[in-house]
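These protein sequence lines map, in sequence, to chains A, B, C and D.
So for the first sequence, our numbering puts the first residue at 728; every next one is plus one.
So for the second sequence, our numbering puts the first residue at 728; every next one is plus one.
So for the third sequence, our numbering puts the first residue at 728; every next one is plus one.
So for the fourth sequence, our numbering puts the first residue at 728; every next one is plus one.
All C-beta atoms, glycine included, are put in the ideal place defined by N, C-alpha and C.
Have a look at the structure below before the remarks.
4 protein chains.
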Amino acid sequence: MIRFNNDYNHGAHPAILEALRKTNSESYGGYGLDPWCKKAAEAIKKEIGCPDAAVHFLVGGTQANYTVISAALRPFQSVIAADCGHIQVHETGAVEHIGHKIEVLPSANGKITAAQIAEKAELYRTSCVQEHITQPKMVYISYPTEVGSLYSKKELEEIRRVCDQYKLYLFVDGARMGYGLGSPESDLSAADLARLTDAFYFGGTKCGALFGEAVVLLHPALQEDFRSCIKQNGAMLAKGWLLGLQFHTLFENGLYFDITKRAVALALKIRDAFVCKGFKLYSNSHTNQQFIILDRATMEKLAEKYIFEFQEQIDENRIAVRFCTSWSTTEEEVNTLIKDIEKL
Amino acid sequence: MIRFNNDYNHGAHPAILEALRKTNSESYGGYGLDPWCKKAAEAIKKEIGCPDAAVHFLVGGTQANYTVISAALRPFQSVIAADCGHIQVHETGAVEHIGHKIEVLPSANGKITAAQIAEKAELYRTSCVQEHITQPKMVYISYPTEVGSLYSKKELEEIRRVCDQYKLYLFVDGARMGYGLGSPESDLSAADLARLTDAFYFGGTKCGALFGEAVVLLHPALQEDFRSCIKQNGAMLAKGWLLGLQFHTLFENGLYFDITKRAVALALKIRDAFVCKGFKLYSNSHTNQQFIILDRATMEKLAEKYIFEFQEQIDENRIAVRFCTSWSTTEEEVNTLIKDIEKL
Amino acid sequence: MIRFNNDYNHGAHPAILEALRKTNSESYGGYGLDPWCKKAAEAIKKEIGCPDAAVHFLVGGTQANYTVISAALRPFQSVIAADCGHIQVHETGAVEHIGHKIEVLPSANGKITAAQIAEKAELYRTSCVQEHITQPKMVYISYPTEVGSLYSKKELEEIRRVCDQYKLYLFVDGARMGYGLGSPESDLSAADLARLTDAFYFGGTKCGALFGEAVVLLHPALQEDFRSCIKQNGAMLAKGWLLGLQFHTLFENGLYFDITKRAVALALKIRDAFVCKGFKLYSNSHTNQQFIILDRATMEKLAEKYIFEFQEQIDENRIAVRFCTSWSTTEEEVNTLIKDIEKL
Amino acid sequence: MIRFNNDYNHGAHPAILEALRKTNSESYGGYGLDPWCKKAAEAIKKEIGCPDAAVHFLVGGTQANYTVISAALRPFQSVIAADCGHIQVHETGAVEHIGHKIEVLPSANGKITAAQIAEKAELYRTSCVQEHITQPKMVYISYPTEVGSLYSKKELEEIRRVCDQYKLYLFVDGARMGYGLGSPESDLSAADLARLTDAFYFGGTKCGALFGEAVVLLHPALQEDFRSCIKQNGAMLAKGWLLGLQFHTLFENGLYFDITKRAVALALKIRDAFVCKGFKLYSNSHTNQQFIILDRATMEKLAEKYIFEFQEQIDENRIAVRFCTSWSTTEEEVNTLIKDIEKL
C-alpha cells in the first residue's frame, strides 16, 4: 500500500534525524533556553526580515493555537474563524476549554473575506447590547486553508486593513505554512506574512520535522510573558533544544522550503492527472493536499493500492477524498499513482 | 410613553412586595436554607407532580444556564443549541467562559428538531476521529423560544426520544416558562415538562418576581452536589429566602399562571390587531412576546407613543420589532395601542 | 431565640423596602442602565471624592470578587490573599474555577503585611524560573478582615507602596465596608480607600440592603469593558435599578454609615461585656463581628437563648464563636445579652 | 564543566535514537493509533500485571498532570497535594487554569501522610458549609517526591485506605518513577503501584527518552473518553508512534529500570561521599536526586567544575543544592566528583 493519507505519517527528514544523532551526547539547558533554539529563532527572524519578532517553539498545532489565543484575549473576547477552521472543527473544543468563544463565519473554498470580518466587527461596534455579546478581538485563518487553498496577498492585505480598523489581532495557523509559501500559486513571502499578521507559525510536524511548531509573535502585546503561557498550557518541552535543533536544520539553509516545494510539485502532478481525466476538484488547492471528488467505484478501485483520506460524502455516489504529499513521498510513488489514474 | 419593550421593566407583582414587607422583620438562615425556600420547592414539586425533583433558586437566567451546564458536562462535552439560543447569542460567551463549546443548529421559527439533534449526535457516534471533536451531551432549548414560539408535546417527545437514544441531557431554558405553559396554544403541562426533560427552570424575573429563577433538576446525576455548583458560580444569594418567598407567593395559589395567562391574552390581542391590519409576523408566537414586521414610517409613528424593541432589520424599509406584555401591562395600555394600530 | 449569628439574617432596612414600594409601578431600562444606578453611582463617587471612578452594582460578594479578578488578570497571573481570605476559604474555588491561582500568605489577626507581599513579589521578580510559576498581579484584602480587624491607614499605605513598586493591583473586599469605615477605630475615610486602592466595594447585603455590592473601580485598566465581565460572569441583574435604588437610599443621605456605626457601637458593647468578665478575644475586632473564646459550658448556656456562630475549636474545652450585629439588631437584644453575660 | 544539574540535559538513550532511525522510513497512523503504541502499552500492562489498565502516551509531565486532573474532577472538586508538589509550585498554575483548586498540605521530607489527607477529607465531610468550600476528590503525590524521597508500601497502603474511605482518587506523578521503583530503598513493585493507585505515570523525559510520559489509568471512571481529554488539552502528538516506540524500547526488555537503577547507584555514591565528609542532607533521598547542604565557599569551589542546581537558601551561609544523575551520567564523571568531594 502506498500512503497519500496525510503529511505526518513518517518520521522526520533524514537531516533532522542526523542532527539529533550528532548532538545526542551533548548537554543543554532545558525549556527552550539553549543555543539551538536561539539559532533557530535567529534563522527564522532572518527569513521573515523581522528582528523584533519573538519566536517560540511548541510541540504541536493545537497547543500553538490555544496558547496564542489564551495569551491574546481577555475573557469576554472571541476569535473569528472560518466554519472549517481547525480550532472550530478538530481540536475538541480546546479554545472553548480555555474560555473563549469562536465566532464562526461561513467559508468559500476554505477562506473567509475581509468583508465578512468587517461585518462581524461592525455588528459588535454598533451593537446597543455590547455587554451581552462577545467582543471579537482576533481573526484566525489558516495558510494554506484546511482545503489547501491560499489567500492572495491582496486578500490578506484587505483582512489586515479590517483588523487595523477594528483593532483585531490577525493570527495565522501555519501548520502547513511551508506548503503555502512554497506553492507556485502563492504571491506571499515570509516577510509579507510577518508584515501583515500579529502572530503565525511555521509548522514543523507536517513539513518534515518529527514534531514542532515555530510560533512567531509580531505584536508586542502578544510577546509579553508568552513563555508563562507556554508553560501553563503544557506546551513547554523539557528538552526544548530538540525543537530548536529541528527548526535550525530546516531554516538554516532553506531545507524547509526545499521539502515543501518538492512536495507541492508532486501534489500538483497528482492534481493534473485527475483533472486531465475529468475528475472534479473539491477545492481549488495549489498546495500539498489535493481534494478530489470520486465516484464510489473509482474510490474503491484506488483504495486497493493507495491509502488516502475520506473528506466528505458529496452525494449518494460521490465522495471527496484527500491525497497528500510530504517530504517522504517519492517520485516513484507519485508516478505509479498517476499511471493508475490515467488507466481509470 | 407606554412601555411594551420587555417583560422586566417594572418591579414585582404587588403580592410579592407585600410578602417582602410582611417578613422583613423576621430572621432566617442564609443561602437558601430557610422555610420559604423549602415551601416554595414543595409547591413547585407539587405543580410538576414530581416529588423526587430537586428545586434550587438562583438569581438570574444566565447564571441558571451556565451553572446547570457546568454541573452536567465533562470538559470535552458540548451543548447543542439553536442559532438563536440565548446562551449562543446573548450571554457574552458565559458557557464558553466556563469551558464548553456550543454546537449550533439552524433554527426555524426559533425551534430545532429531533431530526437535527439526531443527525448531530449520530455524526459524533459514527465519527472516526471522535477524540478530535467535542462530544454532544446536552440539548438546550427554550420554552417558549427566543421568538415566542412553542414546542408541541409531540416535538418535545421526539426530542426526548433522541436524547434517550444518544444519552443526552435535555435542558429547557424557562426564563419565560409561565408565558409558554400559560399560552392557549400550549399542549404541555408542567408535569409533561418534568417528565420529558432532565432540567428546566421556571423564570421569575420576567414573570412577575423582582428577580429569580427556580431551577428544577430531574436527572439524579444533575442533582448531586448542585449547591456547590451554585456557590462556585456566584449564583447563591446570601438572603436566599428572598427567592423562596417570591416563588412561594407565585406558586402557592397559582399566581404565576394567573399573571402569565393574563399577559399572554393581552399579547394575543395586540397580535390580532396587527394581523387584522395586514401586518406580517416575524415569528409565529402565541406567548407574551409578539414580533411584528413594520415599515419604517409605521415604526416611527408608533415609536412616538410606545416603547418597543428592535429585533432585526428585514430589508431596507422593513424592520421586525417586539411588543412585550407582562404582569404590569394594563388593559388600558393594550386598548390604547390597539386603537392606534387600527388607525394606521 | 435572639439572633446574633450573622449580619444578613433579616430583610432590608425599612427605608429600602419603602423605596422599592414607592417605585414599583415605575418602568425602567434594564441591566443597570437606569436613573437610579446613575444617581447611586454619583452619590458614591461623591462619597469617595473621585469623579473618575467607575461604579457598578453586582448582586453578591462572590460574584464581585471573581468578576473583578477575572477582569484584571491574564491567565498566568495570580492573586495574593490571606490564608483566611474569603476567596480562599469560602467561595468554593470560584477564583480557580475561572482560572486563577491564589497565592496564600499566613495572616495575623486576619491581616497580611506589606512586607509579606513584597517578599512574595520579590520572589517572583528574582526567580530564574519565572515562567514555571504564576505571576502575582493583584493583592486581595478585606476591610474589615474576616475576623473583624482593620488595616490602619499606615498599613494600607505601605501595602500601596509595595503594589506600586511591583505593579500589583490592590483590591479590597468590602462586604462589610460600612462596619470598617464606621468603626471608631478606623483612621481611614472612604476617600483614603479610593486613593489607595485600584478596586474595592461597598457591601450592601451585610450592611442593610436586601442584596447588592457596589463595586468601585479606580484603575482605568480595570474599568475597560467591565460590563462585559459582569454579564459573562452571570452578575448582571436584569432589573438593575433594584440595586441602584438600594444604594441610592443608602448613600444619598448617609444612611449606610448611620446603620453600620450604630451596629458597631452595639457590637463593641457586647465585646466590652465579655472582656469585663474576663473572656479572651479570638481576634481584635472593633467592628460588628465579635469573636469570643468560650468554654463549652458557657457556650451551651448562651446557646439556650442566643443564636451565634461557631468559628473554631481552640482546644478540647474552648471554642471561638462569633456574635454579629446589624441594622436589625435592637438595643434591647444587646442589653439582654449583656445582662446574661454579666450573670455568667 | 560536568553537568549534574538535572536528568533531562541530554538527548535520549542510544537505543531510543537507534529505534527512531530504524523506523524513520516506515509510515504509521497518527495520534497514537499505531502498532508501537499498542506494543508499548502491552509491555507496560505486563510490567504492572494489570491487563485492564488503559495506557496513554503524552508528551510531558505538566500535560499529564493537568489532563488527568481535568478528566477526573467536576468543577467544584479539588486535588490535595503537598506544599512542594510539582503542580503547586512549578506548573504556572496549570491546574487552576483548567479550573481546579489545589488543597495544600504541609510536607515533611517531601511527603504527606494518610492522617493529613484524612483530616482534610473529614473536614469537608463534617463541614456544615460544604457548598462554600471545594470538595477534595483526588490526592496527588509524587513517587519519588520532589526532594527524592520515597513513600513506603505501608505509607501508600494507608493513603489508599483513606482514599477508599473518602472516595478520593489517588494519582501519582511519576516523572521520575524509574528512579523511585529502581531505588534499593523502595519496597514497591510496579504491580503494587497499579494495585494501590487510580492513575500514575512512568516518566520518560527524565528517564532516558527524548520526551514522553506513559499515563496508566486504573480506575474505570478515569479511562472513559480519556483520548478526548488528551486532545483537548493539546497533549496528543500527531506522530504518536514516536512515543510508543520510545516506551516500547524502554519497557520491552527492562531497559527503563536498567537505566534508572544505574543512575540511582551513581547518585548514592555521591550521597555517600558527601555524608562521609560530614555534609548534611537537605532531604533523605535514595533516588537519583541528591540534595546537599553546602556552605557558600564549598558551593563556589564545586561550581568551578560542576553544574548543579540551587534548591534553597537555608541561612546566610548555607545553601541546599541538587546533584542529579541520569542515563547520560558516566562513572568517570561521578568518580571525578567524588574525588573532589573527598578533597574538600
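Closer than 7 Å to chain G by CB, residue i
i	result
Phe803 (chain C)	Note that chain G does not occur in the displayed structure, where the protein chains are A, B, C and D.
Same chain, Cβ closer than 7 Å to residue i, five either side skipped, listed in chain order
i	result
Ala962 (chain A)	Leu785, Val786, Gln790 and Thr794
Ala798 (chain D)	Leu949, Phe953 and Cys956
His674 (chain D)	Residue coverage of chain D in this structure runs from 728 to 1071, which leaves residue 674 (chain D) outside it and unanswerable.
Gly826 (chain D)	Pro802
Val831 (chain A)	Ala808, Asp810 and Gln815
Cβ-Cβ separation, residue j to residue i (assumed contact under 8 Å), whole Å
i	j	result
Ile829 (chain D)	Ser805 (chain D)	7 Å
Arg1049 (chain D)	Phe1035 (chain D)	6 Å
Gly757 (chain D)	Gly971 (chain D)	In fact, because the Cβ distance is near 12 Å, the residues do not count as touching under 8 Å.
Ile814 (chain D)	Lys847 (chain D)	About 16 Å separates the two Cβ atoms, so there is no contact after all.
Val822 (chain C)	Ala941 (chain C)	Their Cβ separation, rounded to whole angstroms, is 21 Å, which puts Val822 (chain C) and Ala941 (chain C) out of contact at 8 Å.
Ser910 (chain B)	Val991 (chain B)	5 Å
Rounded separation between residue i and residue j - CA only
i	j	result
Ala746 (chain C)	Gly939 (chain B)	20 Å
Lys1028 (chain A)	Leu800 (chain C)	57 Å
Glu951 (chain B)	Thr924 (chain B)	17 Å
Ser1012 (chain B)	Phe1018 (chain B)	8 Å
Leu1021 (chain D)	Leu964 (chain A)	31 Å
Ile1068 (chain D)	Arg1045 (chain D)	17 Å
Asn732 (chain A)	Lys933 (chain D)	34 Å
Leu1071 (chain D)	Thr1025 (chain D)	7 Å
Ile839 (chain B)	Gln959 (chain D)	28 Å
Gly788 (chain D)	Gly901 (chain D)	8 Å
Asn1062 (chain A)	His824 (chain D)	51 Å
Lys880 (chain A)	Ser869 (chain A)	14 Å
Gly759 (chain D)	His737 (chain A)	13 Å
Ile860 (chain C)	Tyr867 (chain D)	18 Å
Ser752 (chain A)	Asn792 (chain A)	33 Å
Asn1015 (chain D)	Leu993 (chain D)	8 Å
Contacts around residue i, its chain only, beta-carbon distance under 8 Å, and the 5 residues preceding and following it disregarded
i	result
Cys811 (chain D)	Ser834, Gly837, Thr872, Glu873 and Val874
Gly935 (chain B)	Ala739, His740, Ile743, Gly905, Leu977, Leu982, Tyr983, Ile986, Thr987, Ser1053 and Trp1054
Arg888 (chain A)	Ala841
Lys1004 (chain B)	Ile1068, Glu1069 and Leu1071
Ile775 (chain B)	Ala917, Ala918, Leu920, Ala921 and Val943
Leu1008 (chain C)	Arg998, Phe1001, Val1002, Gln1017, Phe1018, Ile1019 and Ile1020
Buried/exposed call for residue i, threshold 16 Cβ in 10 Å
i	result
Asp734 (chain B)	buried
Val856 (chain C)	exposed
Arg998 (chain A)	buried
Asn980 (chain D)	exposed
Met865 (chain A)	buried
Gln1040 (chain D)	exposed
Pro863 (chain D)	buried
Ser854 (chain B)	exposed
Thr1056 (chain D)	buried
Leu995 (chain C)	buried
Pair within 7 Å by beta-carbon distance, residue i and residue j
i	j	result
Arg903 (chain A)	Gly931 (chain A)	no
Cys890 (chain A)	Leu883 (chain A)	no
Arg730 (chain B)	Ser1010 (chain C)	no
Ala780 (chain D)	Leu937 (chain D)	no
Neighbourhood of residue i by C-beta, 6 Å cutoff - its chain only, sequence neighbours within 5 removed
i	result
Leu915 (chain A)	Lys880
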